[in-house]
Each structure stands twice: as C-alpha cells, then as structure tokens.
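Asks: Questions regarding the structure given below will be posed in turn.
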Amino acid sequence: MEKKGCYHCGNEITTFNRIVFDEKEFCCNGCKTVYEIFSENDLSCYYDMQQAPGATPEEANGKYDFLDKSEIINKLLEFDEGPTSIVSLYIPHIHCSSCIWILENLNRLNQGVYRVLVNFPEKKATITFNKEKTSLKEIVLLLNKIGYEPYISLKNYDDKPQQVDRSLIYKIGIAFFAFGNVMMLSFPEYFNIDDIWMRQYKDFFRWLILIISLPVFFYSASPYYIAAWKGIRSKNYTIDIPMALGIIVMFIRSAVDIIFDLGPGFFDSMTMLVFFMLLGKLFQQRTYNFLSFERDYKSYFPIAITKLVEGNKEEPIQIYDVVKGDRLLIRNQELLPVDSILISESTFIDYSFVTGEAVPVEKKSGDKLFAGGKQVGDIIEVEVINSVSQSYLTQLWSNDVFQKRVDMKYKTITDTISHFFTPVLLTISILGFIGWSFVSINAAFNVFTAILIVACPCALALTAPFTLGNAIRILGRSSFYLKNVTVVEQMAKVDTIVFDKTGTITTNAKSIIQYEGEELTSEEQSDIRNIIRGSNHPLSRKLYGFLQARIVAKPNTFEEIPGQGLVGTMNNRSYFIGSQELVGIPHDKIINETAVHIKIDGEYKGKFVFANHYRLGVKELFEQLDKKHYKFAILSGDNDGELEALKALLPPSTALVFNQKPEQKLEYVKELQETGANVMMVGDGLNDAGALAQSNVGVSISENVNVFTPASDAILDARKFAYLEKFMDYSKKSVKIIKLSYILALTYNVIGISVCLLNKMSPLVAAIIMPVSTISIISFVTILTNYFAKRILK
Amino acid sequence: MSVIYFLISISVVVAGIFLYLFIKSVKSGQFDDAYTPSVRMLFDDEIKSDVKKSSSKNKTNHLVNENQRENQI
Numbered sequence: 001m002e003k004k005g006c007y008h009c010g011n012e013i014t015t016f017n018r019i020v021f022d023e024k025e026f027c028c029n030g031c032k033t034v035y036e037i038f039s040e041n042d043l044s045c046y047y048d049m050q051q052a053p054g055a056t057p058e059e060a061n062g063k064y065d066f067l068d069k070s071e072i073i074n075k076l077l078e079f080d081e082g083p084t085s086i087v088s089l090y091i092p093h094i095h096c097s098s099c100i101w102i103l104e105n106l107n108r109l110n111q112g113v114y115r116v117l118v119n120f121p122e123k124k125a126t127i128t129f130n131k132e133k134t135s136l137k138e139i140v141l142l143l144n145k146i147g148y149e150p151y152i153s154l155k156n157y158d159d160k161p162q163q164v165d166r167s168l169i170y171k172i173g174i175a176f177f178a179f180g181n182v183m184m185l186s187f188p189e190y191f192n193i194d195d196i197w198m199r200q201y202k203d204f205f206r207w208l209i210l211i212i213s214l215p216v217f218f219y220s221a222s223p224y225y226i227a228a229w230k231g232i233r234s235k236n237y238t239i240d241i242p243m244a245l246g247i248i249v250m251f252i253r254s255a256v257d258i259i260f261d262l263g264p265g266f267f268d269s270m271t272m273l274v275f276f277m278l279l280g281k282l283f284q285q286r287t288y289n290f291l292s293f294e295r296d297y298k299s300y301f302p303i304a305i306t307k308l309v310e311g312n313k314e315e316p317i318q319i320y321d322v323v324k325g326d327r328l329l330i331r332n333q334e335l336l337p338v339d340s341i342l343i344s345e346s347t348f349i350d351y352s353f354v355t356g357e358a359v360p361v362e363k364k365s366g367d368k369l370f371a372g373g374k375q376v377g378d379i380i381e382v383e384v385i386n387s388v389s390q391s392y393l394t395q396l397w398s399n400d401v402f403q404k405r406v407d408m409k410y411k412t413i414t415d416t417i418s419h420f421f422t423p424v425l426l427t428i429s430i431l432g433f434i435g436w437s438f439v440s441i442n443a444a445f446n447v448f449t450a451i452l453i454v455a456c457p458c459a460l461a462l463t464a465p466f467t468l469g470n471a472i473r474i475l476g477r478s479s480f481y482l483k484n485v486t487v488v489e490q491m492a493k494v495d496t497i498v499f500d501k502t503g504t505i506t507t508n509a510k511s512i513i514q515y516e517g518e519e520l521t522s523e524e525q526s527d528i529r530n531i532i533r534g535s536n537h538p539l540s541r542k543l544y545g546f547l548q549a550r551i552v553a554k555p556n557t558f559e560e561i562p563g564q565g566l567v568g569t570m571n572n573r574s575y576f577i578g579s580q581e582l583v584g585i586p587h588d589k590i591i592n593e594t595a596v597h598i599k600i601d602g603e604y605k606g607k608f609v610f611a612n613h614y615r616l617g618v619k620e621l622f623e624q625l626d627k628k629h630y631k632f633a634i635l636s637g638d639n640d641g642e643l644e645a646l647k648a649l650l651p652p653s654t655a656l657v658f659n660q661k662p663e664q665k666l667e668y669v670k671e672l673q674e675t676g677a678n679v680m681m682v683g684d685g686l687n688d689a690g691a692l693a694q695s696n697v698g699v700s701i702s703e704n705v706n707v708f709t710p711a712s713d714a715i716l717d718a719r720k721f722a723y724l725e726k727f728m729d730y731s732k733k734s735v736k737i738i739k740l741s742y743i744l745a746l747t748y749n750v751i752g753i754s755v756c757l758l759n760k761m762s763p764l765v766a767a768i769i770m771p772v773s774t775i776s777i778i779s780f781v782t783i784l785t786n787y788f789a790k791r792i793l794k
Numbered sequence: 001m002s003v004i005y006f007l008i009s010i011s012v013v014v015a016g017i018f019l020y021l022f023i024k025s026v027k028s029g030q031f032d033d034a035y036t037p038s039v040r041m042l043f044d045d046e047i048k049s050d051v052k053k054s055s056s057k058n059k060t061n062h063l064v065n066e067n068q069r070e071n072q073i
C-alpha cells in the first residue's frame, strides 16, 4: 500500500481517517475545510509552492471570546487611530514561503484587512485592518480556521514593544567608513617617504586622518573602555584591558605624532582594529528572533479566561482580574491559571509540565486544583481560591532559588588566557622602556607605545568570538539553539548529564497510533470505541481519541480486568480488548512496544500499536555517551513505575531517582556540583526550571520550540534528541580549535613584539602585520569549524 | 596640484553621505528582517494563473518547489 500524506498538512492517512474531496486525500475534516476555503477564493496556489504546507486547524469554540473586551484589545494593538488598527501576532506555524504568501493575501479572505506583512525570522505577522469593517476577533478566528493559530499569552498583555538596540551596527558603520577612508589617505604615506609632493600635502592628509578617526576612538570603540573599566574594578584581567589600552595608546601616540609633526601615526591600524573587533562582536551576537531563553510563566499563561457571572452568563475576564471566589469555566486543553476547587463532578488534570507526572490525575468534585495543570476532558467549573500572583505556579517561579543564576559568571577561555597575557605584556613593555631609556628616552617611548599597539590582542580576542559564533550558527542549523557563545565552552566541560524523564526521554506529543492486522469495519470500530469509553486507563483514552466513529451507545456488557484489558459485548458480538494474555496469543517479547490487541467473536483481528513511548534513539544515545565516560542520572517527578523498563534501556551506571519535587531536583544538581562535577541538565518542564538554572548547562527540550520552554541556556528540538552526543563532541572540538588558533595568534604577537623591541616598528609594518594576523585567524577558525561540522554532524 | 584638496574633500563628503544613508536605513528597521523580502519578491501574479491550472502547470510548479526548498536550506 502506497503511503500518502494529507494534501493539506502532510499527516499520514490511514483507513481510519481518510476523507476524499476534489480528488485529493485529507486526514481530517479540518484540513478539508481549509482546502475548501482556499480553493473557493482562488488561493489554491498555496499548495503549489510547497507540498502539504498547512496545519490542522484546532477548534476555537469560545477560546477567543476575550477578544471582545476592548481593554484587552487595546493592550494588543500596536496602533489604533480612526478606523485603522495595527496588530502584530506571533504565529508559530509560519515555516515556509507558502505561509508568507497566504498570510500576505489574507485580505482576499477578509475584506476588512488592508495589508499583512510577515516577518519570517520572527514568525510574526503585522496586520493592518479597518476596525469598522472587521474586528480583531474575526481576524484571529479566521487565522485559526485556516490553521495559522496565533499564540496570545499573558506576556503579550504585559509587554511593551521593546526598543531594538542597533548601536552596534552604527558603530560598525562608522568604523568601516573611517577605516576605508583612513586607509586610502594613508597610501601616499606608505609609498612616498620623503619627497617634495609629500612634504607639501602631508599635513593635509594627516589632519584629515586625525579628524576622521575621532568618532571611531570616541564612539565606536567605547564598549571596550567600559568593559575594561569594569574588568579593572572587579580585578578581572579580561581581554578588554589590553585591548582598550592598545587603542588608547595608539590614539594618543598617533595624535602626538601628527600634532608635533613627528610621524604619520597609527590611525589606519587603529580604525581597522576597531572595525574587526566590532565585527567579531556582531558575529557572536547570534540571536534567534523567534526563540526566547528567558521565558517565565507569563508566556505559558493565557491572557484571559471565562468567568461565570450571575445567571450563569459566560464572560471573558483578564487573568489579573481574577479574584478569590470567582467561578471560572475551563474548557478541554485549557490551562488552569489559578489555584482553585473543582465544582464539576470529575475531571482529569495533566500536570506533566509542572510536576513531571506522566499520567493525567483524576480529580473529583471538591478537590483542590493547582495552577499550571491542563484540563483534559469536558468543560469544568471551578471556584478560585487564590489570585494569580498567589498561586502555586507563580510562587514557584518567583522562588529565589530559581533566580539565583543571574550573577553567576563563568570564566571563559579567553579570560583565562588574558589573565596571563595582560601582566606579561605590561612587564615586557616596561622592560623594553627601561632597556631603551639607556639609549635615548625618545626611543624608549617609541618602543613602549609600539609594544602596546602591536601586542593589542586583536587576533587573540577575535578567535573565540569567531569560532564560537560559527559553532552556534552551525548548531542552530541542526535545531540546537544556544543562548550565547559561552554555552559552547561550558558544554565542552560537562562530565555529568542529568536527564528528566517525563517529556525529556519520553515523548509528550500525542502518541501516534497504528493499526496492524485485519481491517476493521466501521461498525466494529464504533463498537470498540463505545466499549473503551467507560475505561479510564490511559491507553483506552488515547485509543478513544484516535477512533473517529460518531455514534455513542452503551455496550450491553462491559467489564474491566485490571492489568489485562476490557471485555465487553455489543450488538451481539463479544469483544476482547487488551493485552496479549487477554486475547490468548503467545507472549512475544518486544521491548518497548505498547499495543492493544483486539479479538472479536473469538477471532484475533489485530493490534493497535502505540508509538514508542521513549524518544527515538535514546538507547543508542546513552550507549554512545557511556563510551565517552559521561556520568548520568535520571531525575523524575513521576513514581517508579517505569524503573524496570528504564533499567533495561539505560547503561547500568545510570542513577535513577524518582518522586522528585522541583526543589529536590535543584538540590540534586547542586550536590553533584559540590563534588566537582560539571553538570548538564536536560529537561522540559517547569518542574525542571530550578535544576536547569542551577546546572552549568541547562538544556530544555521541546517538541515545538516556538511555543514554550522554561528558562535555559539552550533549546533542543526534540527530533534532534539523539544528536545530543554529537553536539557535545562538536563543542569539544570547537574549544580545541580555539586553543590551536591561540598558538597561531601568540606567534604573531611574539613576532610583533620582537620587532618593537628592536625599535623597528613603523606604521607600515603595523598596517601589514595586523590585518594579516586577523584575517588568517578568522579564515583558520572558519574553515576548521565547518570542517568538523561536516565530519561530526552529518 | 591643489585640486587634490578639492577632490579629496569631495570623496570624503560622498562617503559621508553613504554613511548617513546607511545609518538612516538601519534606524528605520530596513535590515531587521533580511529574509522575508527575498521570498516576497518571488510571488506576484500567482492568483491569476490559478484559473487555468492544468496538470502540466503542476509539474513545473514541482520544479519550483524543489528550487525553493533548496533556497531555504
């Protein structure tokens, strides 16, 4: 049987969900509806640009009612005057050119929309619309209907649009301008040492160079003075100190040279140096616009919730306005933003994100529900007992231990080097000064300043930014997003890896269910669905959601045999649904396969196979890491029900710890660190947030990197989980590259300083040695990082 | 030869104008999103061509698909 994906979203089509429309196959009604909308409006080009570009639309039913409230709308709108309004919506599904095209043609689906502008890297759509012809709610509902659901969270409500800091670009622009012009104006100086023409014009050239260099010295290079000053105050010999010193000495000596007509000065080298250094800064400043590493509960919470007012009328209310005693309505898959008491009869709450428990917990009327749980089931009614700011989740987040990391500073590899480099450099230059002062005091000053100028560790300081900047770019292409360049260095030092269980080595996503065996008729499917309806077993609930029969009826008889499955009769046929023992077929051991077997009227039909509970490649990953002598631990907020399965899966040295509260996880990591270990924590949920912050490298793993991850140092796309070992390996190689190129950079420095000590340094030599060292270092690290990326990551 | 004062002044001023334009365009946010415009310029008349969609057209579109996907990588 040829497997074909849904024409709209590309999901697999099985006998259970096939819908044929317009000679195309769809996986569900939602996808079909989107296709209908597009083809009716001549927008079916959507499917030509990219195959199966769409997403299955979710049911909105009442989810966006809060967009009727003007105070909430006003907070979301960026611009609002007269009939024209502008709103920026974050749409996680934006991923291809089709998405840009369809969104920018949104005005064909809604006449009130003037214009849509998509920002692809940020996954944002800026929509300009006519308030009188349409409303924000209508637009959001339309987006939702075509599968582009915007993500609106409490964060949107609080956030002011922040100013983008572009000063680095200005500084680079000015430095480049000055560098180019100064170089040009220095050319005569390089070649005509002393002739009549030169004598006539040299003052003009020199003074022009001096003037052009002023903004570079005072504006473009200013970050280095600030950093150096901070370094001196905290007695940290950072690389910025010799750099700032080099720039200042270069400027003063050159200015003196020009003013007193002593020589041409080093302004060409200075401007070039500042330009390259700033370029390095830009290069390591790799930001992922669509990701955030500092998310807090606000981006997890909804912006509003449904409140029941007198007469059971539903009314959307802003989260911050919820007070004790309010009655709230929570729909299926909605998040509980506040601690509350259940009023409805019963429900299931999924706390996997907050506590790490894998299975939704059943709650009965009168039970206390904690904030942060997701409601799974029919609509429920709850009574609020704490406002948002006092609820469990918010409290957990503002807990001090979870915030501690801010002032923790790691010593980078560059800092370590400069710790030796700075004192040695100063000693050499002073010795040079003393030595030459016996000859002539003028020569002594020349030597002293020349050493500081040439030794200015340009190449040294550029090595790490370029290597690591390139490394995070390469890792980002493999869907492993690092917060900044220091994370690469930290990763290379890791020797102990701590994993969370739920959601990290197991998957959170809805299990993919496959059916193997004789095909079931739709009556049989419907019967099975009705029999398992009464069961609360997690597998039953998953299977119930998977089968799509419509008719709801009560089975004639129905019995649940704990640990085995369900036995029931319906429409005069007997059904056995459950384990291999129950249906009476030989027990063959397939590790790590969860299946529900079906027997109808004494005849074995087949089985529903639930996709691997553990992530793909977990076993191999651990084996590889074990070979490299990493230590592991599994910390789980869940009970020890899976102890045996995990033992079979993981290397014997793995420590398995269960029933861990968020604070305990943090303590565990801390204890490991106190024994001298460099810990990497891999987690996914709020319950890991503390441990992620405490660890040396906190990696949060996410099925959908766009939507939500706790604060961390790195975000790993769940599909690349098995690559973790390769990423670790790559980070180690990157640090090795840095060390190699330090040798190269120091060689240049030694040559430069030797020339200076002989008092042979001229502006021309400086203008040659500096770019040669810089460019050779940059090409060296770029080539090597790409070479290793090719070898390791593919 | 004193024309050199004049010429060099002009060259610096011209360069200065470019610097000013660069800073101005950065300030206006022109370089914030470098990707979307590159895709946007590729679609223009798609809606019209939709009417006479035929199977042969689909095939050429597939080729376009491949190209675009490569471009994205």
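Going down the list, the sequences are from chains S and G.
Residues 1 to 794, numbered by full-length UniProt numbering, are exactly what the first sequence covers, in order.
Residues 1 to 73, numbered by full-length UniProt numbering, are exactly what the second sequence covers, in order.
The beta-carbon is built from N, C-alpha and C at its ideal position, and this holds for glycine as well.
1) Quick check on the DSSP output: the alpha helix (DSSP H) that includes N74/S runs from which residue to which?
2) Between F21/S and chain G, is there a C-beta pair that is closer than 8 Å?
3) Based on the DSSP output, what are the partners of L566/S in its beta bridges?
4) DSSP state of V488/S, grouped into three classes?
5) F120/S and V39/G: beta carbons closer than 8 Å?
6) Quick check on this structure: which residue in A492/S, L582/S and K554/S has the alpha carbon closest to the alpha carbon of G565/S?
7) Under 7 Å between beta-carbons, which chain S residues line up against F22/G? List them in chain order, please.
8) Counting only beta-carbon atoms, is F187/S nearer than 8 Å to chain G?
9) Do G372/S and Y392/S have their C-beta atoms closer together than 8 Å?
10) Can you confirm whether the stretch 423 to 431 of chain S touches the stretch 711 to 731 of chain S when touching is taken to mean that 3 or more C-beta pairs between the two stretches lie within less than 8 Å?
11) Pop quiz: M250/S and I428/S are said to be a contact at Cβ under 8 Å. What is the actual Cβ separation, rounded to whole angstroms?
12) To the nearest angstrom, how far is it from the Cα of S437/S to the Cα of V12/G?
13) Pick out whichever of E59/S, T569/S and S479/S has its Cα sitting closest to the Cα of L143/S.
14) Roughly how many angstroms separate the alpha carbons of L141/S and Y64/S, rounded to a whole number?
15) Look at the Cβ atom of R615/S, then the Cβ atom of T502/S, and state whether they are nearer than 8 Å.
16) I'd like the list of long-range same chain contacts for N130/S, defined as Cβ closer than 7 Å, with 5 residues on each side in sequence excluded.
17) Can a CB atom of chain G be found closer than 8 Å to the CB of S97/S?
18) Take F22/G and list the residues in its own chain whose beta-carbon comes closer than 6 Å to its own, dropping the five residues that flank it on each side.
19) Unbroken beta strand (DSSP E) runs of length 3 or more, entirely within the stretch 159 to 230 of chain S: which are they?
20) Counting contacts by CB-CB distance shorter than 8 Å, is residue 801/S in contact with chain G?
21) Is there a Cβ of chain S sitting closer than 8 Å to that of L7/G, yes or no?
22) By alpha-carbon positions, which one of I4/G, Q30/G, Y35/G and V3/G ends up nearest to I169/S?
23) Give the residues of chain G in contact with N181/S, contact being defined as C-beta atoms less than 7 Å apart.
24) Assign P662/S to one of three DSSP states: helix, strand, or coil.
25) At a CB distance below 9 Å, what residues from the stretch 197 to 208 of chain S approach chain G? Give them in sequence order.
26) State the DSSP-derived secondary structure class of F266/S, mapped to helix, strand or coil.
27) Would you call D407/S buried or exposed, if buried means 16 or more other Cβ atoms sit within 10 Å of its Cβ?
28) Chain G partners of V216/S, CB-CB under 9 Å?
29) Using a C-beta cutoff of 8 Å, does V39/G count as contacting chain S?
30) Would you say F558/S reaches chain G, if we count a Cβ-Cβ gap shorter than 8 Å as a contact?
31) Here's the rule: buried if 16 or more other CB atoms are within 10 angstroms of the residue's CB, otherwise exposed. What is residue 837/S?
32) Within the chosen definition, does the stretch 211 to 221 of chain S reach the stretch 255 to 275 of chain S through at least 3 CB pairs nearer than 8 Å?
33) Measure the C-alpha to C-alpha separation of E674/S and E667/S and round it to an integer number of angstroms.
34) For the alpha helix (DSSP H) holding D688/S, just list the boundary residues, first then last.
35) Nearest CA to the CA of V87/S: which residue from W101/S, H95/S, I100/S and I72/S?
36) What separation, rounded to the nearest whole angstrom, lies between the Cα atoms of T36/G and F293/S?
Replies: According to the data block:
1) Within the first sequence, numbered from 1, the residue matching residue 74/S stands at position 74. Looking at the DSSP string, the run of the alpha helix (DSSP H) that includes N74/S is S70 to L76.
2) Here residue 21/S refers to the residue found at position 21 of the first sequence. Cβ-Cβ to chain G under 8 Å: no for F21/S.
3) In the first sequence, counting from the first residue as 1, residue 566/S sits at position 566. According to DSSP, residue pairing for L566/S in a beta bridge involves E560/S and I577/S.
4) The residue given as residue 488/S occupies position 488 in the first sequence. Per DSSP, reduced to three states, the secondary structure at V488/S is helical.
5) Walking along the first sequence from the start, residue 120/S turns up at place 120. Walking along the second sequence from the start, residue 39/G turns up at place 39. Against a cut-off of 8 Å, the Cβ pair of V39/G and F120/S comes out as a contact.
6) Working through the first sequence from its first residue, we reach residue 565/S at position 565. The shortest C-alpha separation from G565/S is found at L582/S.
7) Numbered from its first residue, the second sequence carries residue 22/G at position 22. Correct list: G173.
8) As a working mapping, residue 187/S is identified with position 187 in the first sequence. At a cut-off of 8 Å between beta carbons, F187/S makes no contact with chain G.
9) Stepping through the first sequence from its first residue, residue 372/S is reached at position 372. Stepping through the first sequence from its first residue, residue 392/S is reached at position 392. With respect to Y392/S, G372/S sits close: the two C-beta atoms are nearer than 8 Å.
10) The stretch 711 to 731 of chain S, when compared against the stretch 423 to 431 of chain S, does not touch it at the 8 Å Cβ threshold.
11) Numbered from 1 along the first sequence, position 250 holds the residue referred to as residue 250/S. Numbered from 1 along the first sequence, position 428 holds the residue referred to as residue 428/S. With a Cβ gap of about 17 Å, M250/S and I428/S do not count as contacting.
12) Walking along the first sequence from the start, residue 437/S turns up at place 437. Walking along the second sequence from the start, residue 12/G turns up at place 12. About 41 Å.
13) The residue given as residue 143/S occupies position 143 in the first sequence. The residue with the shortest Cα to Cα distance from L143/S is E59/S.
14) What you label residue 141/S is simply residue 141 of the first sequence in a count that begins at 1. What you label residue 64/S is simply residue 64 of the first sequence in a count that begins at 1. Per the coordinates, the alpha-carbon of L141/S lies some 7 Å from the alpha-carbon of Y64/S.
15) As a first step, residue 615/S must be located in the first sequence, where it is residue number 615. As a first step, residue 502/S must be located in the first sequence, where it is residue number 502. In this structure, T502/S does not lie closer than 8 Å to R615/S by Cβ.
16) For the purposes of this step, residue 130/S is taken as residue 130 along the first sequence, with counting starting at 1. Within the same chain, Cβ atoms closer than 7 Å to the Cβ of N130/S are found at P83, T84, G112 and Y114, the five residues on either side in sequence being excluded.
17) By one-based count along the first sequence, residue 97/S stands at place 97. For S97/S, the nearest CB of chain G lies under 8 Å from its own CB, placing it at the interface with that chain.
18) By 1-based counting over the second sequence, the position of residue 22/G is 22. For F22/G, where only same-chain residues beyond five positions count, there are no Cβ hits under 6 Å.
19) Residue ranges of uninterrupted beta strand (DSSP E) with 3 or more members are absent from the stretch 159 to 230 of chain S; none lies entirely inside it.
20) Residue coverage of chain S in this structure runs from 1 to 794, which leaves residue 801/S outside it and unanswerable.
21) By 1-based counting over the second sequence, the position of residue 7/G is 7. Not closer than 8 Å to any Cβ of chain S, the Cβ of L7/G fails to qualify, so no.
22) Counting from 1 along the first sequence, the entry for residue 169/S is found at position 169. The option with the nearest alpha carbon to I169/S is Q30/G.
23) The residue given as residue 181/S occupies position 181 in the first sequence. Those within 7 Å of N181/S in chain G are V12 and A15.
24) As a working mapping, residue 662/S is identified with position 662 in the first sequence. In the structure shown, P662/S sits in a helix (DSSP, three-state: H, G or I).
25) Answer set for the stretch 197 to 208 of chain S: W197, Q200, Y201, F204, F205 and L208.
26) The residue you call residue 266/S lines up with position 266 of the first sequence. DSSP places F266/S in the coil class of the three-state scheme, outside both helix and strand.
27) The residue given as residue 407/S occupies position 407 in the first sequence. Residue confidence is low: D407/S scores 43 on pLDDT, short of 50, so the model does not pin down where it sits. No coordinate-derived value is stated.
28) Here residue 216/S refers to the residue found at position 216 when the first sequence is read from its first residue. Those do not exist, as V216/S stays about 12 Å from chain G at its closest Cβ, beyond 9 Å.
29) The residue you call residue 39/G lines up with position 39 of the second sequence. Chain S has a Cβ within less than 8 Å of the Cβ of V39/G.
30) Position 558 of the first sequence holds residue 558/S. Put simply, the CB of F558/S is far from chain G, with every gap to its CB atoms at 8 Å or more.
31) Outside the modelled stretch of chain S, which goes from 1 to 794, sits residue 837/S, for which no answer is possible.
32) Yes, the stretch 211 to 221 of chain S is in contact with the stretch 255 to 275 of chain S.
33) Within the first sequence, residue 674/S is the residue found at index 674, counting from 1. Within the first sequence, residue 667/S is the residue found at index 667, counting from 1. For E674/S and E667/S, the distance between alpha carbons rounds to 10 Å.
34) For this step, residue 688/S is matched to residue 688 along the first sequence. Per DSSP, D688/S belongs to no alpha helix (DSSP H) and is neither H nor E.
35) Start at 1 with the first residue of the first sequence, and residue 87/S comes out as number 87. A check of alpha carbon separations from V87/S across W101/S, H95/S, I100/S and I72/S identifies I72/S as the nearest.
36) Taking the second sequence and counting its residues from 1, one reaches residue 36/G at position 36. Taking the first sequence and counting its residues from 1, one reaches residue 293/S at position 293. Within the model, the alpha-carbon separation for T36/G versus F293/S is close to 24 Å.
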